[in-house]
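Asks: For the sequence shown, the residue numbers in my numbering are 1 to 282.
For reference, the structure I am asking about is given below.
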Amino acid sequence: MRLKFRVVVEDSASRINSGMLSQHGLCIFAELDLSSERMRVLMDTGASPEVALHNLDALRIDPKEIDLIFLSHGHYDHTGGLIGILKRMNRRVPVLAHPEIFTPKMKEEPFMKFIGPPFTRVEAENAGAVMLECKSPVSLADNLMTSGEIERSVPFENVEGFWTVRGGLYLSDPIPDDQALLANIDGKGLVVVSGCAHAGIVNTIRYAQKIMGVNDVYAVIGGFHLMKAKEERIFSTAQALLELDPAIVRPGHCTGQRAVSILQEALGKRCQPLSTGDLIEL
């Protein structure tokens with residue numbers, strides 16, 4: 001089994017290719033090679049089709065070879081490139097997401113702003129999406145699956161500052177559509193790839209352990225949503241990661257530089273920040 005991830009879009013500029021573009025958002029191309037099959041998944045699509053398609057071309061990744069698109073949650077910086085990518089693919093494409101992907105999503109910074117997908121379900125379907133909306137885990141291949149809706153039990157991992165509309169009421173949004181991509185590598189352990197980890201990165205890892213039946217954690221990659229977190233939460237996250245003891249930690253996107261620095265101090269060389277264009281082979 002060979003598993004590799006290529007960071008197509010991330011907030012930080014590429015360290016390997018000056019021709020690539022960076023943008024607030026995330027898009028990761030995952031490729032799983034087994035003896036009997038190959039699976040290519042595009043996890044999230046960044047904030048715009050222009051940046052996502054430019055970087056896919058720069059990395060020589062042909063969108064037409066993508067088997068499935070997985071949207072970790074319904075925020076613009078993870079969904080904004082979808083329509084343009086679908087149009088480039090020019091065929092019907094499975095798009096896997098939580099049923100609440102299109103629930104209204106807002107935040108107040110400092111005023112109310114819509115941050116949901118910049119398209120409707122109908123527009124996505126007209127562009128070629130076959131919307132597969134599922135809140136349970138979905139098996140994509142042997143030892144590769146989505147988390148589904150993530151159980152939350154860690155006291156310090158709460159969701160704040162996000163809003164939605166339900167039943168005619170303006171309510172706090174716990175972002176139930178937040179999901180992760182999970183893998184199990186024999187002899188190494190779990191690989192957890194989060195979009196933003198709104199459910200909490202520790203909650204996400206613990207839920208991955210539960211549903212995959214694997215305790216050892218090998219790699220944790222993606223957004224940890226600690227950019228505006230209080231230091232108490234950041235230090236608690238660092239301590240929890242120390243206890244989970246992954247060999248590889250690659251925080252990026254919404255993690256924030258302060259949190260990345262604290263994680264690096266706690267975890268040492270095994271913690272390295274993500275940037276656009278990075279290749280992670282496991």
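All C-beta atoms in this analysis are idealised placements derived from N, C-alpha and C, irrespective of residue type, glycine included.
Computed from a predicted model, the values in this text were never measured in an experiment.
Is it right to say Met112 is buried, meaning 16 or more other beta carbons lie within 10 angstroms of its own, or is it exposed?
Replies: Stepping through the sequence shown from its first residue, residue 112 is reached at position 112. So Met112 counts as exposed.
Asks: Ignore the nearest five residues each way along the sequence and tell me which others in Glu10's own chain have a CB closer than 7 Å to its CB.
Replies: As a position in the sequence shown, residue 10 is number 10, starting the count at 1. Contacts found: Ser22, Leu26, Gly252, His253, Leu274, Ser275 and Thr276.
Asks: Can you check the region 115-187 for any alpha helix (DSSP H) of at least 4 residues that lies completely inside it and give the ranges in chain order?
Replies: List check, alpha helix (DSSP H) in window: 121-126.
Asks: Measuring CA to CA, which of Gln239, Lys269 and Ala229 is closest to Gln257?
Replies: For this step, residue 257 is matched to residue 257 along the sequence shown. Cα-wise, what sits closest to Gln257 is Ala229.
Asks: Spatial neighbours of His75 within its chain, please: CB distance less than 6 Å, with the 5 preceding and 5 following residues excluded, ordered by chain position.
Replies: As a working mapping, residue 75 is identified with position 75 in the sequence shown. Ile115.
Asks: By the DSSP assignment, the beta strand (DSSP E) with Val95 in it spans what residues?
Replies: Counting from 1 along the sequence shown, the entry for residue 95 is found at position 95. Val95 -> beta strand (DSSP E) spans Val93 to Ala97.
Asks: Start and end of the beta strand (DSSP E) containing Leu279?
Replies: Locating residue 279 in the sequence shown gives position 279, where the first residue counts as 1. Taken as a continuous stretch (DSSP letters only), the beta strand (DSSP E) holding Leu279 covers Leu279 to Glu281.
Asks: Assuming contact is defined by CB atoms lying nearer than 8 Å, are Val165 and Ile175 in contact in what I supplied?
Replies: One-based indexing of the sequence shown puts residue 165 at position 165. One-based indexing of the sequence shown puts residue 175 at position 175. No. Outside cutoff.
Asks: Gly223 by DSSP, collapsed to three states: which one?
Replies: For the purposes of this step, residue 223 is identified with residue 223 of the sequence shown, where counting begins at 1. In this structure, Gly223 counts as strand in the three-state DSSP scheme.
Asks: Excluding sequence positions up to five away, which residues of its chain have a Cβ less than 6 Å from the Cβ of Lys87?
Replies: Residue 87 sits at position 87 when you count from the first residue of the sequence shown. Only Ala127 meet the Cβ criterion.
Asks: What is the residue span of the beta strand (DSSP E) that Ser194 lies within?
Replies: Translated into the one-based positions of the sequence shown, residue 194 becomes position 194. Counting along the chain, the beta strand (DSSP E) containing Ser194 begins and ends at Gly189 to Ser194.
Asks: List the DSSP bridge partners of Gly252.
Replies: Looking up residue 252 in the sequence shown gives position 252. Gly252 is bridged to Gly223.
Asks: If we call anything under 8 Å between Cβ atoms a contact, is Cys196 one with Gly161?
Replies: One-based indexing of the sequence shown puts residue 196 at position 196. One-based indexing of the sequence shown puts residue 161 at position 161. Not closer than 8 Å, so no.
Asks: Rounded C-beta distance between Leu34 and Met1? I'm assuming under 8 Å.
Replies: Looking up residue 34 in the sequence shown gives position 34. Looking up residue 1 in the sequence shown gives position 1. Their Cβ separation, rounded to whole angstroms, is 6 Å, which keeps Leu34 and Met1 in contact under 8 Å.
Asks: Thinking C-alpha only, which one of Ala208, Glu65 and Pro118 is nearest Ser139?
Replies: One-based indexing of the sequence shown puts residue 139 at position 139. Of the candidates Ala208, Glu65 and Pro118, the one whose C-alpha sits nearest the C-alpha of Ser139 is Ala208.
Asks: Can you find the residues in the same chain that come closer than 7 Å, C-beta to C-beta, to Gln264, ignoring five residues on each side of it along the sequence?
Replies: To locate residue 264, count along the sequence shown from 1; it is residue 264. Within the same chain, Gln264 has close Cβ partners Cys271.
Asks: Would you check if the distance between the CB atom of Ser72 and the CB atom of Ala180 is smaller than 8 Å?
Replies: In the sequence shown, the residue the question calls residue 72 occupies position 72. In the sequence shown, the residue the question calls residue 180 occupies position 180. Yes; because the gap between Cβ atoms is below 8 Å, this pair is in contact.
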